[in-house]
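Here is the structure we will look at.
2 protein chains.
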Amino acid sequence: MSESPGTPEPAEAPSPDVEAQAAQQVAHARRLDTDDPLAALRDRFTLDDVTYLDGNSLGALPRAVPGRIADVIAREWGELRIRSWTESGWWTAPERIGDKIAPLIGAAPGRVVVGDSTSVNVFKAVVGGIRMAGKGCTEILVDATTFPTDGYIARSAARMTGLAVRPVEPARISDEVTERTALALVNHVDYRTGALNDLPGITHALHSAGALAVWDLCHSAGALPVGLDAHHVDLAVGCTYKYLNGGPGSPAYLYIRESLQNRFESPLPGWNSHAEPFGMDPNYTPADGIVRGRVGTPDILSLLALEAALDVWEDVSIEDVRTKSLALTDFFLDCVALYAPPGRVRSVTPYDHRRRGSQVSLECSRAGGVMDGLIRRGVVGDFREPDVLRFGFTPLYTSFVDAERAARVLGEVLRELPEEQPEPAGDGG
Amino acid sequence: MSESPGTPEPAEAPSPDVEAQAAQQVAHARRLDTDDPLAALRDRFTLDDVTYLDGNSLGALPRAVPGRIADVIAREWGELRIRSWTESGWWTAPERIGDKIAPLIGAAPGRVVVGDSTSVNVFKAVVGGIRMAGKGCTEILVDATTFPTDGYIARSAARMTGLAVRPVEPARISDEVTERTALALVNHVDYRTGALNDLPGITHALHSAGALAVWDLCHSAGALPVGLDAHHVDLAVGCTYKYLNGGPGSPAYLYIRESLQNRFESPLPGWNSHAEPFGMDPNYTPADGIVRGRVGTPDILSLLALEAALDVWEDVSIEDVRTKSLALTDFFLDCVALYAPPGRVRSVTPYDHRRRGSQVSLECSRAGGVMDGLIRRGVVGDFREPDVLRFGFTPLYTSFVDAERAARVLGEVLRELPEEQPEPAGDGG
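If you read the protein sequences in the order shown, they are chains A and B. Residues in the first sequence are numbered from 1 upward in steps of one, following UniProt numbering. Residues in the second sequence are numbered from 1 upward in steps of one, following UniProt numbering.
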């Protein structure tokens, strides 16, 4: 695997040469899997013969979850019922599970709380951040390439606090931030291209201008080191159903830098964030610490499924995950260069390791049809409008054999579904 | 059982007379259970020999839930994975389950969407309501006896929209509403006293003044008819883990009156409420209809547990539930009058059926210790600061024998834990 494999090389239609190369690639993939120190982790998941490269959308099922949730339902809910709020630790689950996520994103205990959707946490983080910013601030910056919900919610937060929103490409934020900027909301990894944004550099530039840094970790947490504490990130949010394998729509999390926690004023001050939630006080007094990020009654079934899912990380170093992630995406890009018909796909994921997340996105005409063809042959990635094929590499359970197979099947589908000829020019020229 | 049983009668310490009366009450309870048309529904729940009167806090486990969730986890998530968003109907669950709750609260299909916590839905409803109100509005009214989270969230919503909050007792709202009132947020049943507020009358008075009516149904949905459409309620929210038995912290719901749906501007315009959620449009265009109440990715495990839990209502009329609820609370009050030491407890729940929800709240000194004693003897209610014992009656599974036993054990505990003597007057007199 190379640091910068370059543009995929043109591949001929299948020929004895390519078949020989394929045999070599399969053998190479097997050797890489044999040497992979994380290979055994795959057994912690329920997988079948599908090549599942959509863990960046919905992580696979960890084997520990079904048994744990059966017990939560039958015993904790069914037998103990209301007593489980204390006896089964339900009440403290949001912070306890936050502490379990914390090491994966470089946070000390007491800085992460789990609950609500990512969108709701973006609202808390952006409004909370605006309220901590200087009085003279008139705007927030929002990653111009963001997953849309962050932009929608940031606009709502800005509308409700009287600030303007300015969309800025992540690479331009350091130049565009001004003393009137309250904060910038940035995606750590671009959902569409898989590009990794410079969290340390952008955070530093924001701080130098007196602005706060709010990061969305949906596409990075569990795939690569984040280093929230080390880089002095102010606020962060993320989902748990991608690389953290928490299950469909599992609860999101909110990180608040320790020194800011007791200045955080939530726009959603639900009773769970009260200093004395069972005091039934008509006046709101926020709890100290990360509890302040809670809102309503925590969603226990989903939280405890997530908690069980996080057990797969117990003895795993996120640095090792990153090493394997880059090896997998390098190898996949090499295989695509070998198998794809010439000029048919173009990687929009950066080749530079410092700029790459844990997915490979290939621009390709007829991408929707191509992905349908892949799925029919047991290679599951996904498709994003208008023309991007996304392949997510989840180092805990994706093998090099998976990567090779996906690229080889992609080559077959592309040959069956050739590029559309350009439409003849119409009257408009 | 009487329409107005009056103040509980003084009961003597246990005597052969009381024991004979108790035997009569037990026999009476058995007859009432035999004649109860809903008695067989208890088999749809997992129950044991505990007398569980805390279904107004956490409903018991419906038998259908464990098997359904085992399948959701093992097959829908574990095998189909990402395909389940379409093939297993995950994507449309919030509206589909909303339609399942709708008949219980008197709503036509397409008016209820499930997701997020009650607190988050209160925020959506109050901000959304304020944005639909007349330009000259300067205040919102909030039920002065509300469960605290509604008040906290309403204050945040008002702060973020520049309005004032005025707490008003529900019975005073009709007099206090003015042409400057945008809306009133009112609890249908008081969480502490179990008093039922006059939803039709208050809603009508609000409308007459040009204000919107926003109801919190947490303590009424599933216990009594609500009639949202019939009474032209504008917005409503409720939880699903009490009388709807959805499980600990299961998702809440939002109701929006049909004619207001396309005027509803959510303060939480997440991607799930977009007209084309997969269009990845950086600009927000809200979906038509109740989908507009969605925010982020729906929490599937909890949603589908709730969906399975709602199956217990399939052939149940909410009017029959109401009839049994009143009979149960009447009978319990009669039994308390018989068994409790004289003057030791006082019902703060109204005796008037038109003003009673489905719980009985008894004021009592040393209430915390009394509830501990009850729980040790297998009668589970709960305790609310400073001095209220709450007993919830869930007509789908609470029997008259449960009610009699709870009152009898309460009498025993009260005799063991006599009222504290008043402190001797100190220097201050």
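We treat Cβ as the ideally placed atom computed from N, Cα and C, and that holds for glycine.
Can you tell me whether residue i is helix, strand or coil according to DSSP?
| i | result |
| --- | --- |
| Trp90/A | coil |
| Thr7/A | In this prediction, Thr7/A scores a pLDDT of 43, lower than 50, which makes its location untrustworthy; the coordinate-derived value is nonetheless stated afterwards. In this structure, Thr7/A counts as coil in the three-state DSSP scheme. |
| Asp315/A | coil |
| Pro195/A | The displayed chain sequence assigns Ala, not Pro, to residue 195/A. Three-state result, Ala195/A: strand. |
| Ser156/A | helix |
| Ala367/A | helix |
| Tyr351/A | coil |
| Asn187/B | strand |
| Tyr339/B | helix |
| Glu419/B | coil |
| Phe45/B | strand |
| Pro225/B | coil |
| Ser220/A | coil |
| Val50/A | coil |
| Glu139/A | strand |
| Ser172/B | It is worth fixing the name first, because residue 172/B is Arg in this sequence and not Ser. Helix. |
| Ala144/B | coil |
| Ala182/A | strand |
| Pro167/B | strand |
| Leu362/A | strand |
| Arg344/B | coil |
| Ala205/A | helix |
| Val214/A | strand |
Thinking C-alpha only, which one of the options is nearest residue i?
| i | options | result |
| --- | --- | --- |
| Leu338/B | Leu414/B, Gly392/B, Arg356/B and Gly373/B | Leu414/B |
| Pro103/A | Asn187/A, Thr149/A, Ser266/A and Ile318/A | Ile318/A |
| Glu189/B | Ala211/B, Asp143/B, Ala154/B and Thr178/B | Note that residue 189/B corresponds to Val in the displayed sequence, not to Glu. Ranking the options by Cα distance to Val189/B, first place goes to Asp143/B. |
| Ala70/A | Thr398/A, Ala308/A, Val348/A and Pro286/A | Ala308/A |
| Ser361/A | Val114/A, Thr203/A and Leu333/A | Leu333/A |
| Leu163/B | Tyr255/B, Ile256/B and Gly129/B | Gly129/B |
| Leu41/A | Val321/A, Pro282/A, Phe331/A and Leu206/A | Val321/A |
| Lys100/A | Leu310/A, Met371/A, Ser347/A and Pro386/A | Leu310/A |
| Val409/B | Pro225/B, Arg376/B, Glu76/B and Gly293/B | Arg376/B |
| Val114/B | Pro267/B, Cys239/B, Leu47/B and Asp315/B | Cys239/B |
| Val345/A | Leu326/A, Thr329/A and Arg366/A | Arg366/A |
Quick check on the burial criterion: 16 or more other C-beta atoms within 10 angstroms. Buried or exposed for residue i?
| i | result |
| --- | --- |
| Asp234/B | buried |
| Arg354/B | exposed |
| Asn272/A | buried |
| Ala184/A | buried |
| Ser250/B | buried |
| Glu419/B | exposed |
| Pro395/A | buried |
| Gly134/B | exposed |
| Thr349/A | buried |
| Gln359/A | buried |
| Asn139/A | A quick correction: the sequence has Glu, not Asn, at residue 139/A. By the 10 Å Cβ count, Glu139/A comes out buried. |
| Asn121/B | buried |
| Thr285/B | exposed |
| Phe147/B | buried |
| Asn245/A | buried |
| Ala154/A | buried |
| Asn56/B | buried |
| residue 430/A | Nothing about residue 430/A can be reported from this structure: the residues present for chain A run from 1 to 429 only. |
| Gly151/A | buried |
| residue 456/B | Any answer about residue 456/B is impossible in this case: the structure gives chain B only from 1 up to 429. |
List, in chain order, every chain C residue whose beta-carbon is nearer than 9 Å to that of residue i.
| i | result |
| --- | --- |
| Ala125/A | The structure shown contains no chain C; the protein chains it does contain are A and B. |
**Asked** Okay, do the stretch 390–409 of chain B and the stretch 63–78 of chain B touch, 3+ Cβ pairs below 8 Å being the bar?
**Response** no
**Prompt:** For the stretch 227–309 of chain B, which segments carrying the beta strand (DSSP E) assignment without a break, of at least 3 residues, lie completely within its bounds, in sequence order?
**Reply:** 235–238 and 253–256
**Asked** Can we say the stretch 298–311 of chain B touches the stretch 94–103 of chain B, given the rule of at least three CB pairs closer than 8 Å?
**Response** yes
**Request:** Please determine if the stretch 43–61 of chain A and the stretch 73–86 of chain B are in contact, where contact requires at least 3 C-beta pairs separated by less than 8 Å.
**Result:** yes
**Message:** Threshold first: 4 residues or longer. Then list the alpha helix (DSSP H) segments lying entirely within the stretch 366–400 of chain B, N to C.
**Reply:** 367–376
**Asked** Three or more C-beta pairs closer than 8 Å, one from the stretch 210–220 of chain A and one from the stretch 118–132 of chain A: is that the case here?
**Response** yes
**Request:** Entirely within the stretch 59–119 of chain B and at least 3 residues each: give me those beta strand (DSSP E) ranges in chain order.
**Result:** 112–114
**Message:** Any contact between the stretch 16–34 of chain B and the stretch 380–395 of chain B? By contact I mean 3 or more CB pairs, one from each, below 8 Å.
**Reply:** no
**Request:** For the stretch 288–295 of chain A and the stretch 168–176 of chain B, state whether three or more C-beta atom pairs, one from each stretch, are separated by less than 8 Å.
**Result:** no
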